[in-house]
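> Protein chains in written order, with my numbering: chain A, 904 to 1330; chain B, 215 to 346. Every residue, glycine too, gets a C-beta built ideally from N, C-alpha and C. The following block contains the structure, expressed as structure tokens.
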Ligand SMILES: Cc1ncc(COP(=O)(O)O)c(C=O)c1O
């Protein structure tokens, strides 16, 4: 049915992948096939990950690092293996540079509190950007207020890319940390992280990369980037919710005080004090997300088997296709840059029709799940003159036909909410 | 799951396109504005209350989805001329009932935004410059 340029079938992943995802094949919506385009919020899980969760609970589960019984040994081994896998997945040198947290938010807060409260002084500057998710803004606002540091924001260009000229101007000896997303969850913009890190290091600033949206979709190499800190979440990459990762360079993590206090993070506890454990236990107080971490490593296996480069090519084809289709719709404003500067998602807004109407009708009549709202980027939406937008975000299992369905749905919504000269009736 | 036909009934779309008292009220004595933090929808309600606590006039303004804006229009139409006591008596359930179609919990928040703003507005006198 499509009048658009035909998509290059060669770069698409095999459709058979969809069969790995029970939720995509079961009749979960009573009648509609599910078109799941809310992957930037959280993806779905393949059978391989769901099975891994069941397997641990059914055969291997006990608390980690505590017992000397068989089950504790087993789950400890799997938990630590998950750490090694995650390290290899992002190109870290050491497994103990991987800290399991509750998610990207947990990872960023750990750095803001532990590193920030130790290293920031009045007059110091933290540089972040206007396109950040709230979780890479609020923790810095909190620590800046506490330490008397100043928060500065890199603006965006008219087409929704980071304004690198202003970034260079804002960088100075006062800049202690740059906190930046590798990919905007609203604009879809992929930021030039290697360049940002090189420039930041040149003035002696550290860099924290919020990689929640890029790690699931493209190859990550923290050593090639020379990245200081990297944060991402399991649930956006076919893994479970409740687990995420903080990568930090060994020397930095070693120099930072523990964040949360409790069991596991100690070497010795006396009534009047404690000595902290070595990495990574130092930052993993309490019982960690054992099964989520193990299942996240099953997700890493799954993604690596398909190949991150292949996933990226597939999504680029979809996003290009969606972008072209959306560009042809009159009155629709696409947020963010041209397809070559973006990845895996596209957000849009209409002058007269609210995002909620799109999300509701797309869901009810077309079985299409999209996100409507501010996507946790209120400052960015305000800057764009919007209170809300609609976002379609793709993953490895999405197909061009689903983009067609989205476009069809948008046309229907436009028609449904076109002004008709209605008049309110008397009560 | 309510179908969208049911959700967007004609009388609701009528209120959306031809709202009751959308705008501002220069003679307002009370006003309140709030936001749905989940989605950013905004509603402001301005009221003119007389000494007896009667709503002489009421206007709203805002930005948001059909549900949040149409429900504001319906609410003002309903409460125009009523008393503060009537506003207090008018419960969240009454509001959902006034709106009509059954809403999922997330959409109920859209519908109840104006109701919440109204509950606060009757207790939010405006500071008038030039008054002794
Ligand atoms: C760019 C970005 N950063 C941070 C987060 C927060 O991730 P989480 O909610 O898993 O902590 C998200 C997810 O919504 C995101 O898209």
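Compute every distance between the C-beta of residue 1137 of chain A and the non-hydrogen atoms of ligand 1, then say whether any falls below 6 Å.
Because no heavy atom of ligand 1 lies under 6 Å away, the Cβ of residue 1137 of chain A does not count as near it: no.
> For ligand 1, is there any heavy atom lying closer than 6 Å to the beta carbon of residue 328 of chain B?
Residue 328 of chain B Cβ: outside cutoff for every heavy atom of ligand 1.
> Span of the alpha helix (DSSP H) holding residue 986 of chain A?
Per DSSP, residue 986 of chain A belongs to the alpha helix (DSSP H) from 973-992.
> Within 7 Å (strictly less), CB to CB, does residue 231 of chain B reach chain A?
Closer than 7 Å to some Cβ of chain A, the Cβ of residue 231 of chain B qualifies, so yes.
> Please report how far the alpha carbon of residue 238 of chain B lies from the alpha carbon of residue 1006 of chain A, in whole angstroms.
Approximately 45 Å, taken between the alpha carbons.
> By DSSP, does residue 344 of chain B sit in helix, in strand, or in coil?
Unreliable positioning characterises residue 344 of chain B in this predicted model, as indicated by a pLDDT of 43, which lies under 50. The coordinate reading is nonetheless provided below. DSSP places residue 344 of chain B in coil when its eight states are reduced to three.
> Between the stretch 1097-1113 of chain A and the stretch 1285-1298 of chain A, are three or more C-beta pairs nearer than 8 Å?
Judged by Cβ distances under 8 Å, the stretch 1097-1113 of chain A makes no contact with the stretch 1285-1298 of chain A, as fewer than three pairs qualify.
> State the beta-bridge partners of residue 248 of chain B as determined by DSSP.
DSSP lists B/257 as partners of residue 248 of chain B.
> Could you check which residue in A/1011, A/1079, A/1002 and A/1319 has the C-alpha nearest to that of residue 1029 of chain A?
Checking every option, the nearest Cα to that of residue 1029 of chain A belongs to A/1079.
> In the structure shown, what three-state DSSP assignment does residue 1273 of chain A receive?
In the structure shown, residue 1273 of chain A sits in coil (DSSP, three-state: anything other than H, G, I, E or B).
> Thinking C-alpha only, which one of A/1032, A/1015 and A/926 is nearest residue 1045 of chain A?
Closest by alpha carbon: A/1015.
> Output the boundary residues of the beta strand (DSSP E) element that contains residue 1151 of chain A.
From DSSP, the beta strand (DSSP E) with residue 1151 of chain A extends over 1147-1151.
> Span of the beta strand (DSSP E) holding residue 1048 of chain A?
No beta strand (DSSP E) contains residue 1048 of chain A, which is instead part of the alpha helix (DSSP H) from 1041-1050.
> Going by the CB atoms, is the gap between residue 327 of chain B and residue 228 of chain B shorter than 7 Å?
No, the pair does not count as a contact, with Cβ atoms beyond the cut-off.
> Taking the continuous alpha helix (DSSP H) assigned at residue 1308 of chain A, which residues delimit it?
Unbroken alpha helix (DSSP H) run through residue 1308 of chain A: 1303-1319.
> Determine the closest residue to residue 1276 of chain A out of A/922, A/944, A/931 and A/921, with distance taken between C-alpha atoms.
Checked all of A/922, A/944, A/931 and A/921; the closest Cα to residue 1276 of chain A is A/944.
> Residue 1035 of chain A CB to nearest chain B CB: under 7 Å?
So no, residue 1035 of chain A is outside the interface.
> Can you check whether the C-beta of residue 1304 of chain A is within less than 7 Å of a C-beta belonging to chain B?
Not one chain B Cβ lies under 7 Å of residue 1304 of chain A.
> On the criterion of 16 or more Cβ atoms from any shown chain inside 10 Å, does residue 1195 of chain A qualify as buried, or is it exposed?
So residue 1195 of chain A ends up on the buried side.
> For residue 1278 of chain A and residue 1088 of chain A, I'd like the C-alpha separation in whole angstroms.
Using only the alpha carbons, I get a separation of about 7 Å.
> Any heavy atom of ligand 1 closer than 6 Å to the beta-carbon of residue 1007 of chain A?
Yes, since a heavy atom of ligand 1 falls inside the 6 Å radius drawn around the Cβ of residue 1007 of chain A.
> To the nearest angstrom, how far is the alpha carbon of residue 1111 of chain A from that of residue 1132 of chain A?
Going by the C-alpha atoms only, they are around 4 Å apart.
> What whole-angstrom Cβ distance do residue 1269 of chain A and residue 938 of chain A have, given they're in contact under 8 Å?
That pair is a contact at about 7 Å.
> Quick one: Cα of residue 1069 of chain A to Cα of residue 1061 of chain A, how far?
Distance between the alpha carbons of residue 1069 of chain A and residue 1061 of chain A: 13 Å.
> By a C-beta neighbour count over all protein chains shown, 10 Å radius and 16 as the cutoff for buried, is residue 337 of chain B buried or exposed?
Looking at its Cβ environment, which holds fewer than 16 other Cβ atoms inside 10 Å, residue 337 of chain B is exposed.
> Could you please tell me which residues of the stretch 1272-1304 of chain A, in chain order, have their CB closer than 8 Å to any CB of chain B?
Answer set for the stretch 1272-1304 of chain A: 1275, 1276, 1277, 1281, 1284, 1290 and 1291.
> In the DSSP output, which residue or residues are listed as bridge partners for residue 1055 of chain A?
Paired residue(s): A/1030.
> Under 7 Å, CB to CB, which of the residues in the stretch 1228-1255 of chain A have a partner in chain B?
Cβ contacts with chain B come from no residue of the stretch 1228-1255 of chain A.
> Could you check where the beta strand (DSSP E) with residue 273 of chain B kicks off and where it finishes?
Note, residue 273 of chain B: beta strand (DSSP E), 269-277.
> So what does residue 1065 of chain A bridge to, in DSSP terms?
For residue 1065 of chain A, which the question treats as bridged, DSSP gives the partners A/1059.
> On the three-state DSSP scale, how would you describe residue 910 of chain A?
Correct three-state label for residue 910 of chain A: coil.
> Using a Cβ-Cβ cut-off of 7 Å, state whether residue 906 of chain A counts as contacting chain B.
Because residue 906 of chain A carries a pLDDT of 47, less than 50, the predicted location of this residue cannot be relied on, and the following value inherits that uncertainty. No, no contact with chain B.
> Would you mind listing the beta strand (DSSP E) stretches within the stretch 913-959 of chain A that are 3+ residues and don't spill past its ends, in chain order?
If we require 3 residues or more, the stretch 913-959 of chain A turns out to have no beta strand (DSSP E) run fully inside it.
> If I'm right that residue 1077 of chain A touches residue 1244 of chain A with Cβ under 8 Å, what's the distance once you round it to whole angstroms?
So it is not a contact: roughly 30 Å between Cβ atoms.
> Do you know how far the Cα of residue 223 of chain B is from the Cα of residue 1323 of chain A?
Straight-line Cα distance between these residues: approximately 14 Å.
> For a contact meaning CB atoms closer than 8 Å, what does residue 281 of chain B contact in chain A?
Under the 8 Å cutoff, chain A gives 1259.
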